[in-house]
C-alpha cells in the first residue's frame, strides 16, 4: 500500500519505518530540510532503541523514502497519516496550526481518493476541522474529489516505541466511513495476526481516548507521589505500600512508582489540553488540576531533601546528578524533573556535574554554556569532587553501582535517590546516608 506520513518527528518516523517494515511503500514528509537531509543520509535525529535498524533496512529495500516536496507527498499515498506536532499554547490548549496547515496542503493537491489519518494527539473535534479545511481547499479548486478523515491516536512509549507499534496492546480507530475503515484494517492487519486488536468507534470517542489514557496514567503517578510524601511523615515505606496495592488485580503494578514527577512530551501537555477542553465546555476538571499541581511540586522534592540534609547551606557545593532525561531509554528532556532540579541547585549557588548515557547533548543545548554545570562521561566520573549524589532518572546502568566506590569519591557520603532504586538497609551498610522518596 502507498502510504504518506506527514511529519517525520518522533511519532511520524516510528510509524513510517514500522509501516514500511511490513512491505508498504512509505513516503515521509517534513518541511525541515535539515532533518530530511539527515534521514536521507541514514542518520536518526532522535534516540529510540531499535529505530535506526528499522529505518536503515527499509531505506535499503526502497520501501521508505523521505521528502520535503508537498505535492509529491500528497499524490503518493492512499493513506496519509498526519503526525505533526501539537505544542501547548499559552492557555494550555493544543496548537493545531501544523495540523491545519497539513490538511490545507492535502486539499490543495489531492487528486485521488485518500484516507486522511489524524495520528497526532489532538483535541476532540479536530477531525471535523481537518475535514472542513480539506473540503475548503478542494472547493477553491472546483474539485469534488472524495476523501475520508479518521482518527487513529498513537500509544507509543518513548524508549519502547518500535515494540509498541509492532506489537500493539490495542489499535484505536475512529471512523464513520466504512470504506476508510476497511482500508485501515488492511494497514494494520500485519500487526494483529495473533488476535484482533482494533477497536473501531466514532471519531470523537477515539480522539478522547488518547487524552483519557494519558490523563489516567499521569493521575496514578501523582497519586503515588502524594501518598509517598504522606508515607514519609507517617514512617511508612511507599515501596511496601506499592506492592500491597499492586497485588490487587483491579489496580495492578503499572505506573505506581513514586519519584520526582512525570515529564516528557505527552503527559504534561495532554493533562493541560484536556483541562482546557473541559473549560471550553463549562467544566473544571478538578482531579486533573490536582494531578498537575502535585506533579509540579514533586519536581522540587529532591531540592527540599538537599536543603534539609545540608541545612540550606549549599552555596559553593558541588552535586553529582545521575540522569537527565525524563525517563530511561530516551534523550527527551521536555518537562523533565532534572530541569527543575538543576536550575534549583544553580539558583542556590551550587554547581552540578551530570551524567546521562544519551541526553547529555540535549542538556548542553538547553543549559547553554553555563559554567556552573558540567558533564561527565561515566557515572563514577561525575562523583569526583562532588559533595553528594542525586539520582533523577532510573537508567538500568545505575541499578548495581559500586557503593564503596561512591562513598570513597563523595565528600559527604550522601545519596538522595529520586527513583527509589535501592534497598535502604543495603545502601546504608556501606556507610552511606540514603534518602529516598516515601521511605523512612
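Numbering (this note's numbering), first residue to last: 271 to 710.
Just so it is clear, CB atoms sit at the ideal spot from N, CA and C, and this is done for glycine as well.
Remember, predicted model here, so these are calculated numbers, not experimental data.
The DSSP-derived three-state label of residue 644 is strand. Residue 641 sits exposed, since fewer than 16 C-beta atoms from the chains shown fall within 10 Å of its C-beta. Taking C-beta atoms as the reference points, residue 289 and residue 281 fail to come closer than 8 Å.
Excluding sequence positions up to five before and after residue 436, its CB lies within less than 7 Å of the CB of 288 and 461, all in the same chain and listed in chain order. Buried is the label assigned to residue 346, since at least 16 other Cβ atoms lie within 10 Å of its Cβ. In the assembly as shown, residue 671 is a buried residue. Its beta-carbon has 16 or more other beta-carbons within 10 Å. Counting along the chain, the unbroken beta strand (DSSP E) around residue 350 starts and ends at 349 to 352.
Contact between the segment 575 to 584 and the segment 537 to 545 is absent, with fewer than three C-beta pairs closer than 8 Å. The three-state reading of DSSP puts residue 428 in coil, since its state is none of H, G, I, E or B. Contact check for residue 627 and residue 592: beta-carbon distance about 10 Å, past the 8 Å limit, so the pair fails to qualify. By the beta-carbon neighbour count (other beta carbons within 10 angstroms, threshold 16), residue 557 is exposed. The residue from 504, 310 and 390 with its alpha-carbon nearest to that of residue 330 is 310. In the displayed model, residue 699 falls within coil according to three-state DSSP, outside both helix and strand. Assigned with DSSP and collapsed to three states, residue 692 falls in coil, not helix or strand.
Its Cα nearest to that of residue 586, the residue 655 stands out among 566, 692, 703 and 655.
Distance from the CA atom of residue 458 to the CA atom of residue 480, rounded to whole angstroms, is 18 Å.
Of all alpha-carbon atoms in 483, 352 and 336, the one lying nearest the alpha-carbon of residue 420 is that of 352.
Along the segment 494 to 535, the alpha helix (DSSP H) occurs as fully enclosed runs of 4 or more residues at 508 to 516, listed in sequence order. Exclusion of the five residues before and after residue 501 leaves 507, 508, 511 and 708 as the residues of its chain whose Cβ lies within less than 7 Å of its Cβ. In the three-state reduction of the DSSP assignment, residue 412 falls in the coil class, being assigned neither a helical nor a strand state. Judged by beta-carbon spacing, residue 447 lies beyond the 8 Å limit of residue 405, meaning their Cβ atoms are not closer than that value. A distance below 8 Å between beta-carbons, with the five flanking residues on each side excluded, links residue 679 to the following residues of its chain, in chain order: 650, 653, 654 and 656. Rounded to whole angstroms, residue 669 and residue 550 show a C-alpha spacing of 45 Å. Annotation: the segment 279 to 329 contains the following complete segments of the alpha helix (DSSP H) (minimum length 4 residues), in chain order: 280 to 290 and 303 to 310. Contact holds between the segment 565 to 578 and the segment 604 to 615, because three or more Cβ pairs, one in each stretch, are under 8 Å apart. Following the DSSP letters along the chain, one finds residue 603 in no beta strand (DSSP E), marked with neither H nor E.
Residue 386 sits close to residue 350, with the two beta carbons spaced by under 8 Å. In this structure, DSSP gives residue 590 an extended state, which the three-state scheme calls strand. Cβ neighbours of residue 327 within its own chain (closer than 8 Å, five residues either side excluded): 291. Distance from the Cα of residue 403 is smallest, within the candidate group 379, 434 and 426, for 379. In this structure, the straight-line span from the alpha carbon of residue 647 to that of residue 312 is close to 26 Å. Taking the Cβ atoms as the reference, residue 477 lies roughly 5 Å from residue 394, within the contact range of under 8 Å.
With fewer than 16 neighbouring CB atoms inside 10 Å of its own CB, residue 523 falls in the exposed class. The alpha helix (DSSP H) runs of length 4 or more contained entirely in the segment 428 to 468 are, from start to end of the chain, 431 to 436 and 448 to 458. At a Cβ-Cβ threshold of 8 Å, residue 660 and residue 676 do not count as neighbours. Scanning its chain for C-beta atoms nearer than 8 Å, with the 5 sequence neighbours on each side dropped, one finds around residue 440 the residues 425, 467, 468 and 469, in chain order.
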